[in-house]
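Student: Take a look at the following structure, please.
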Amino acid sequence: MDKKIAILPGDGIGKEIMESAIRVIETIAADFNHQFTFEEHAIGGQAIDQYNDPLPEATVQACEVADAVLLGAVGGEKWDSLPGDKRPEKGLLGIRKTLGLFANLRPIKGFDPLLHASPLKEEVIKGSDILIIRELTGGLYFGEPKKRVDDGNAAVDTLYYTRMEMERIIDTAFQTARTRKKQLTSVDKANVLESSRLWREVVEEKSKQYPDVTVNHLLVDAAAMKLIASPQQFDVIVTENLFGDILSDEASVLTGSLGMLPSASIRSDGVGLYEPVHGSAPDIAGKGIANPLGMILSAALMLRQSFGMEKEADEIERAVQKSLDQGYHTPDLNIKNGTIVGTKEMTDLVINNLSSNEASNCICNSYV
Ligand code: IPM
Ligand code: MG
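Using my numbering, read the sequence shown as starting at 197 and increasing by one per residue.
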């Protein structure tokens, strides 16, 4: 298969982890006879420095014609004092919105060797396998007005959702739940927010079309508590933009490190942008110690979701699992008796654990 991938490394550790993902994808391309073309473009702080714009037009155009987009991370202290619409994050929000990527899929599944790296008890998290589906192009992130008022002494953000925006994300959630354990938890704040009351109505209406899926509603505060008190009870969670942002960082605690989590932002035709859930971690940028696994697993999601390359995606996930089983990890993970390696070494391990390289070329011993 021939595929064109837009590459947006962004800021901080973005560049390092993107190099890792590209090396892994190139190995997969060679093994499975695919042709991938990579085209790199600027976004976020890097784009502000080069073009005075967090989302240059050339980047948007390249993403629009690509088969999928891979993104590293954006942001950093250097740009923190810029006004809201000039910040690096504006580039990320802009590309999500422009491409219409309304569904953000964040799978949270623990890897066994990392269970004890979580501050939560092993028996609480073992076996948990959650998919958070976050609405990504509406709500407080985008509602207007969004500005300072009263001579700058007050500020307003707007929580606005249309029924259509709710219906499409809720449909995605029901359809996805059907491919898993058929349990959907809808998270809202219907005891306080009008938008949540409409959301709940839409979930109830839609549930009639999916009688095989069991639905329950949780208020976001209770969901935050249950997510770490008894994560095994969840299968698919669907929620609006801001709640999804917060709950997915919270849920990362189950996996031992935010550095492990991939995400897919997609729309109905399968076009997607794939990025790790973590940020740009400027404090460790350039040190060669960033965890590349969230980015590598995002590349695997891209192969599966956007290109239908199920076997290839499984192969990457298996190689990541094997590298962790062998006891290797980057310093963000607090693993007993493991061997700490850097970004490049962790990537070498994953590549060596892809089946084509497994027998011939194991460099694993050089790290012990
Ligand atoms: C995320 C991030 C972004 C968000 C930031 C960087 C704008 O936290 O993808 O979860 O809030 O959506
Ligand atoms: Mg976030």
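Glycine residues also receive a C-beta, built at the ideal position from the N, C-alpha and C atoms.
Check whether the Cβ of LEU266 lies closer than 8 Å to any heavy atom of ligand 1, and answer yes or no.
Tutor: Reading the sequence shown from its first residue, position 70 is the one you call residue 266. False, no ligand heavy atom lies under 8 Å from that Cβ.
Student: Keeping to the same chain, check which residues put their C-beta closer than 6 Å to that of GLY272; ignore five residues upstream and five downstream.
Tutor: To locate residue 272, count along the sequence shown from 1; it is residue 76. Cβ neighbours of GLY272 beyond the five flanking positions: ASP207, GLY208, GLY241, SER476 and PRO478.
Student: Please state if the CB of LEU310 and the CB of ILE453 are separated by a distance shorter than 9 Å.
Tutor: Taking the sequence shown and counting its residues from 1, one reaches residue 453 at position 257. Taking the sequence shown and counting its residues from 1, one reaches residue 310 at position 114. Looking at the sequence itself, residue 453 is Ser, so the reference to Ile does not match. Cβ atoms of SER453 and LEU310: closer than 9 Å.
Student: Name the DSSP beta bridge partners of HIS525, please?
Tutor: Counted from its first residue, the sequence shown places residue 525 at position 329. In DSSP, HIS525 forms a bridge with ILE536.
Student: Express the C-alpha separation of THR451 and TYR357 in angstroms, rounding to a whole number.
Tutor: By 1-based counting over the sequence shown, the position of residue 357 is 161. By 1-based counting over the sequence shown, the position of residue 451 is 255. Their Cα atoms are separated by approximately 32 Å.
Student: Between LYS199 and THR233, is the Cβ-Cβ spacing less than 9 Å?
Tutor: What you label residue 199 is simply residue 3 of the sequence shown in a count that begins at 1. What you label residue 233 is simply residue 37 of the sequence shown in a count that begins at 1. A contact, by the Cβ cut-off of 9 Å.
Student: Pull up the CB-CB distance for SER494 and PRO458, whole angstroms please, since I reckon it's below 8 Å.
Tutor: Taking the first residue of the sequence shown as position 1, residue 494 is located at position 298. Taking the first residue of the sequence shown as position 1, residue 458 is located at position 262. Confirmed, about 4 Å.
Student: Since I believe LEU380 is in contact with VAL432 (beta carbons under 8 Å), could you give me their beta-carbon distance rounded to a whole number of angstroms?
Tutor: Indexing the sequence shown from 1 puts residue 432 at position 236. Indexing the sequence shown from 1 puts residue 380 at position 184. With 8 Å as the limit, VAL432 and LEU380 qualify as a contact, their Cβ atoms being about 5 Å apart.
Student: From what residue to what residue does the beta strand (DSSP E) around TYR470 run?
Tutor: Taking the sequence shown and counting its residues from 1, the one referred to as residue 470 is at position 274. Residues 468-472.
Student: So the beta strand (DSSP E) LYS200 belongs to, where does it begin and stop?
Tutor: In the sequence shown, counting from the first residue as 1, residue 200 sits at position 4. Start and end: 198-206.
Student: Just confirm the distance between the C-beta atoms of LYS402 and ASP367, as a whole number of angstroms; I'd bet it's less than 8 Å.
Tutor: Mapped onto the sequence shown, residue 402 falls at position 206. Mapped onto the sequence shown, residue 367 falls at position 171. Sure, about 6 Å apart at Cβ, within 8 Å.
Student: Using only Cβ atoms and a threshold of 7 Å, which residues come within that distance of a heavy atom of ligand 2? Order them by chain position.
Tutor: Any residue whose Cβ sits closer than 7 Å to a heavy atom of ligand 2 makes the list: ASP441, SER444, ASP445 and VAL473.
Student: Are the CB atoms of GLU236 and PRO279 within a distance shorter than 9 Å?
Tutor: Counted from its first residue, the sequence shown places residue 279 at position 83. Counted from its first residue, the sequence shown places residue 236 at position 40. Taking 9 Å as the Cβ cut-off, PRO279 and GLU236 do not qualify as a contacting pair.
Student: Along the chain, which unbroken stretches of the beta strand (DSSP E) at least 3 residues long are found entirely within the stretch 198-258?
Tutor: 198-206 and 231-236, all fully within the stretch 198-258.
Student: Could you give the DSSP three-state label for LYS572: helix, strand or coil?
Tutor: Because residue 572 is not part of the residues shown, which for the chain are 197 to 564, the question remains open.
Student: Locate the beta strand (DSSP E) running through ASN300, then write down its first and last residues.
Tutor: Locating residue 300 in the sequence shown gives position 104, counting from the first residue. From DSSP, the beta strand (DSSP E) with ASN300 extends over 299-305.
Student: GLY334 and GLU361 look like a contact to me (Cβ under 8 Å); what is the Cβ gap, rounded to whole Å?
Tutor: Here residue 334 corresponds to residue number 138 of the sequence shown, with the count starting at 1. Here residue 361 corresponds to residue number 165 of the sequence shown, with the count starting at 1. GLY334 to GLU361, Cβ: 5 Å. Contact.
Student: Please name the residue in ASN229, LYS293, ARG302 and ILE365 whose C-alpha comes closest to that of GLY339.
Tutor: Position 143 of the sequence shown, counting from 1, holds the residue named residue 339. The residue with the shortest Cα to Cα distance from GLY339 is LYS293.
Student: Applying the 10 Å Cβ sphere with the 16-neighbour rule, what's the burial state of THR223?
Tutor: Looking up residue 223 in the sequence shown gives position 27. THR223 comes out buried.
Student: Could you check if GLY579 is buried or exposed, using at least 16 other CB atoms within 10 Å of its CB as the buried criterion?
Tutor: Absent from the structure is residue 579, since the part of the chain shown begins at 197 and ends at 564.
Student: Can you give me the start and stop residues for the beta strand (DSSP E) that ASN412 sits inside?
Tutor: Taking the first residue of the sequence shown as 1, we reach residue 412 at position 216. 410-415 is the span of the beta strand (DSSP E), which, as asked, contains ASN412.
Student: Between which two residues does the beta strand (DSSP E) containing VAL352 stretch?
Tutor: Counting from one through the sequence shown, the residue named residue 352 turns up at place 156. Per DSSP, VAL352 belongs to the beta strand (DSSP E) from 350-354.
Student: Taking the continuous alpha helix (DSSP H) assigned at ARG396, which residues delimit it?
Tutor: In the sequence shown, counting from the first residue as 1, residue 396 sits at position 200. Looking at the DSSP string, the run of the alpha helix (DSSP H) that includes ARG396 is 390-403.
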